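Sequences listed follow chains A and B, in order.
Letter 167 of the first sequence, counting from 1, is numbered 166 in numbering that gives the first Met the number 0, and no numbers are missing.
Letter 70 of the second sequence, counting from 1, is numbered 69 in numbering that gives the first Met the number 0, and no numbers are missing.
Right, one structure below, let's go through it.
There are 2 protein chains.
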Amino acid sequence: MAKRSIPDIVIGRLPVYLRALSFLVAEGRQITSSQELGDRLGISSAQIRKDLSHFGEFGKQGTGYEINFLHDQLRQILKVDRMWEVALVGAGNLGKAIADYAGFAGKGFVITSIFDTDGTKIGTRMGIENVAVMDVSALGQTIRDREISVGIIATPAEHAQGVARTMVDAGIRAILNYAPITITVPSNVRVQYIDPVVGLQRMTYYL
Amino acid sequence: MAKRSIPDIVIGRLPVYLRALSFLVAEGRQITSSQELGDRLGISSAQIRKDLSHFGEFGKQGTGYEINFLHDQLRQILKVDRMWEVALVGAGNLGKAIADYAGFAGKGFVITSIFDTDGTKIGTRMGIENVAVMDVSALGQTIRDREISVGIIATPAEHAQGVARTMVDAGIRAILNYAPITITVPSNVRVQYIDPVVGLQRMTYYL
DNA sequence: TAGATTGTTAATCGATTAACAATC
DNA sequence: TAGATTGTTAATCGATTAACAATC
Numbered sequence: 000m001a002k003r004s005i006p007d008i009v010i011g012r013l014p015v016y017l018r019a020l021s022f023l024v025a026e027g028r029q030i031t032s033s034q035e036l037g038d039r040l041g042i043s044s045a046q047i048r049k050d051l052s053h054f055g056e057f058g059k060q061g062t063g064y065e066i067n068f069l070h071d072q073l074r075q076i077l078k079v080d081r082m083w084e085v086a087l088v089g090a091g092n093l094g095k096a097i098a099d100y101a102g103f104a105g106k107g108f109v110i111t112s113i114f115d116t117d118g119t120k121i122g123t124r125m126g127i128e129n130v131a132v133m134d135v136s137a138l139g140q141t142i143r144d145r146e147i148s149v150g151i152i153a154t155p156a157e158h159a160q161g162v163a164r165t166m167v168d169a170g171i172r173a174i175l176n177y178a179p180i181t182i183t184v185p186s187n188v189r190v191q192y193i194d195p196v197v198g199l200q201r202m203t204y205y206l
Numbered sequence: 000m001a002k003r004s005i006p007d008i009v010i011g012r013l014p015v016y017l018r019a020l021s022f023l024v025a026e027g028r029q030i031t032s033s034q035e036l037g038d039r040l041g042i043s044s045a046q047i048r049k050d051l052s053h054f055g056e057f058g059k060q061g062t063g064y065e066i067n068f069l070h071d072q073l074r075q076i077l078k079v080d081r082m083w084e085v086a087l088v089g090a091g092n093l094g095k096a097i098a099d100y101a102g103f104a105g106k107g108f109v110i111t112s113i114f115d116t117d118g119t120k121i122g123t124r125m126g127i128e129n130v131a132v133m134d135v136s137a138l139g140q141t142i143r144d145r146e147i148s149v150g151i152i153a154t155p156a157e158h159a160q161g162v163a164r165t166m167v168d169a170g171i172r173a174i175l176n177y178a179p180i181t182i183t184v185p186s187n188v189r190v191q192y193i194d195p196v197v198g199l200q201r202m203t204y205y206l
């Protein structure tokens with residue numbers, strides 16, 4: 000019962016499960032249950048069990064889930080049991096904060112190249128890996144040379160589509176887009192959006 | 000045909016529609032259609048029409064939608080035709096980037112108070128509004144005094160739940176949480192999450 | 001064993017889509 | 001008018017939930 004056409008919405012919840020399991024691991028806990036996970040995440044236990052069942056059987060009746068084991072399994076399923084090189088475009092306030100963000104450590108991602116158009120930024124060193132900012136004209140070649148699959152866009156909205164195009168043409172297949180605009184990419188490329196304004200505006204309706 | 004129990008998922012798309020309309024406004028365009036919006040956003044035209052139909056009739060058969068009008072209507076529906084004061088907790092790299100973010104301008108939000116626990120940060124001025132960072136012990140009283148409804152959490156994960164609690168107790172009803180942890184709040188309080196690791200991990204499965 | 005919790009089934013619930021009459 | 005596009009209906013599709021046999 001595994002592997003064929005898992006709903007996107009299920010995949011979308013797995014990283015949240017993984018994050019909760021990481022906390023349980025850090026707390027030194029051994030066993031958890033779909034009930035406990037559901038309570039922590041505000042999700043029904045049935046949904047957690049159903050989601051996991053798409054990938055195999057990870058629990059024991061009457062007992063629950065071995066935390067370390069399930070944690071490892073989810074890391075494998077999500078392919079974050081390895082380190083993905085990430086190319087970041089945009090070295091302004093936002094790009095710098097992303098490059099400096101310590102939260103990627105141990106989660107499967109490391110930003111190993113940074114690009115900008117601003118001549119005063121190019122050549123300066125930045126981020127966890129302390130890499131030199133390159134001119135955005137080197138973006139495509141760098142992606143190709145290093146076979147980078149994951150990109151982050153942190154440019155102004157007006158440049159996002161162009162950058163996405165360059166990334167895709169060079170072989171990027173996953174883009175995290177911080178620019179406040181919807182971008183168009185081929186259907187074999189995934190995009191996730193991060194826009195705090197959209198996040199806030201999703202809540203004000205209810206106020 | 001309006002106002003009773005609109006699906007959450009519909010509300011969630013409206014800010015994206017609004018964002019697209021803002022671009023059309025900026026481009027000086029007058030009229031658009033559900034087809035054009037759908038093409039830009041990668042959504043079916045039927046879905047856009049259905050979503051809008053929850054709130055009223057905004058278009059003209061044979062013609063489409065008057066861009067400025069629909070833009071204004073969505074701003075009213077989402078209640079972003081006013082300015083919401085936002086309290087930000089966490090003045091580290093991430094908090095500073097959020098405070099300095101120019102993208103809130105004209106979208107309904109302004110960060111007017113910033114809090115941290117770090118004594119070396121307290122008193123320094125920060126963000127678009129150039130406000131002095133306050134000790135987090137002043138959070139509750141500030142929210143009450145200024146009747147602030149919207150909060151942003153940009154603390155380490157271990158402090159997020161406590162901050163959320165303080166915010167909620169003081170009357171906050173919408174929280175944008177950048178901390179990489181699920182927080183628990185009463186059901187009348189909305190939470191939106193921003194976690195780049197979750198965003199990236201939602202894509203690696205497909206690589 | 002007795003108690004607990006999984007994995008799975010079937011039913012329910014909700015969202016999306018296709019189609020088209022209405023009408024600008 | 002002829003062409004285009006809305007708003008809405010009904011059908012389809014998909015996701016969530018409740019319930020429980022299996023079993024640790």
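From the three backbone atoms N, C-alpha and C, an ideal C-beta is built for every residue, glycine too.
Quantities reported herein were computed from a predicted structural model and do not represent experimental measurements.
Cutting at 6 Å between CB atoms, please list the residues of its own chain near valine 149/A, excluding the five before and the five after it.
Cβ-Cβ distances below 6 Å link valine 149/A to Trp83, Val85 and Ala173 in the same chain, with the five nearest sequence neighbours on each side left out; the list follows chain order.
Roughly how many whole angstroms lie between the Cα atoms of phenylalanine 108/B and isoleucine 66/A?
Straight across, the Cα-Cα distance linking phenylalanine 108/B with isoleucine 66/A is about 41 Å.
Suppose contacts are defined by Cβ-Cβ distances below 8 Å. Is isoleucine 121/A in contact with isoleucine 110/A by that definition?
no
For phenylalanine 54/A and arginine 12/A, I'd like the C-alpha separation in whole angstroms.
Straight-line Cα distance between these residues: approximately 13 Å.
Using CA coordinates, which residue listed in Gly170/A, Gly161/A and Ala169/A is at the minimum distance from threonine 181/A?
Gly161/A
Could you have a look at lysine 95/A and say whether DSSP puts it in helix, strand or coil?
helix
Of all the CB atoms in chain B, is at least one closer than 8 Å to the CB of aspartate 99/A?
yes
Check whether the Cβ of leucine 175/A lies closer than 8 Å to any Cβ atom in chain B.
yes
Is leucine 159/B helix, strand or coil by DSSP?
The identity of residue 159/B in the sequence shown is alanine, whereas the question assumes leucine. Judged by DSSP in its simplified three-state form, alanine 159/B adopts helix.
Let's test the definition: count the other Cβ atoms within 10 Å of the Cβ of alanine 1/A and tell me whether it reaches 16, buried, or not, exposed.
Residue placement at alanine 1/A is flagged as unreliable, the pLDDT there being 35, under the threshold of 50; the coordinate-derived value follows with that caveat. It counts as exposed.
Listed from N- to C-terminal order along the chain, which residues in the region 76–109 of chain A have their beta-carbon within a distance smaller than 8 Å of any beta-carbon of chain B?
Ile76, Leu77, Lys78, Val79, Trp83, Val85, Asn92, Leu93, Lys95, Ala96, Ile97, Asp99, Tyr100, Gly102, Phe103, Lys106, Gly107 and Phe108
Could you tell me if proline 179/A is buried or exposed, where buried requires 16 or more neighbouring beta carbons within 10 angstroms of its beta carbon?
Per the 10 Å Cβ criterion, buried.
Are the C-beta of tyrosine 16/A and some C-beta of chain B separated by less than 8 Å?
no
Which residues, in order along the region 33–44 of chain A, keep a beta-carbon less than 8 Å from a beta-carbon of chain B?
For the region 33–44 of chain A, the residues whose beta carbon sits under 8 Å from a beta carbon of chain B are, in order, Arg39, Leu40 and Gly41.
Please go through the region 28–113 of chain A and give each complete alpha helix (DSSP H) segment of 4 or more residues, from N-terminal end onward.
For the region 28–113 of chain A, whole alpha helix (DSSP H) runs of length 4 or above, ordered along the chain, are 33–40, 44–52, 66–76 and 92–99.
If I'm right that valine 197/A touches valine 15/B with Cβ under 8 Å, what's the distance once you round it to whole angstroms?
Their Cβ separation, rounded to whole angstroms, is 6 Å, which keeps valine 197/A and valine 15/B in contact under 8 Å.
Excluding sequence positions up to five away, which residues of its chain have a Cβ less than 8 Å from the Cβ of leucine 73/A?
Leu13, Tyr16, Leu17 and Leu20
Is any beta-carbon of chain A found at less than 8 Å from that of proline 6/B?
Chain A contact via Cβ: absent.
Considering only residues of the same chain and omitting the five flanking positions on each side of serine 33/B, which have a CB-CB separation below 6 Å?
Ser44, Ile47 and Arg48
With a 10 Å radius around its C-beta and 16 neighbouring C-beta atoms as the bar for buried, classify isoleucine 142/A as buried or exposed.
So isoleucine 142/A counts as buried.
Any beta carbon of chain A sitting closer than 8 Å to that of isoleucine 171/B?
No, isoleucine 171/B lies away from the interface with chain A (no Cβ there is under 8 Å from its Cβ).
Using only the alpha-carbon positions, how far apart do threonine 62/B and isoleucine 30/B sit?
8 Å
Pop quiz: alanine 96/B and leucine 93/A are said to be a contact at Cβ under 8 Å. What is the actual Cβ separation, rounded to whole angstroms?
6 Å
Any idea if threonine 203/A is buried or exposed, counting beta-carbon neighbours within 10 angstroms, 16 or more meaning buried?
buried
Spatial neighbours of valine 9/B within its chain, please: C-beta separation below 7 Å, excluding the five flanking residues on both sides.
Asp50 and His53
Going along chain A in order, which residues have a C-beta closer than 9 Å to the C-beta of alanine 159/B?
By Cβ distance, chain A contributes nothing, its closest Cβ being about 12 Å from alanine 159/B, past 9 Å.
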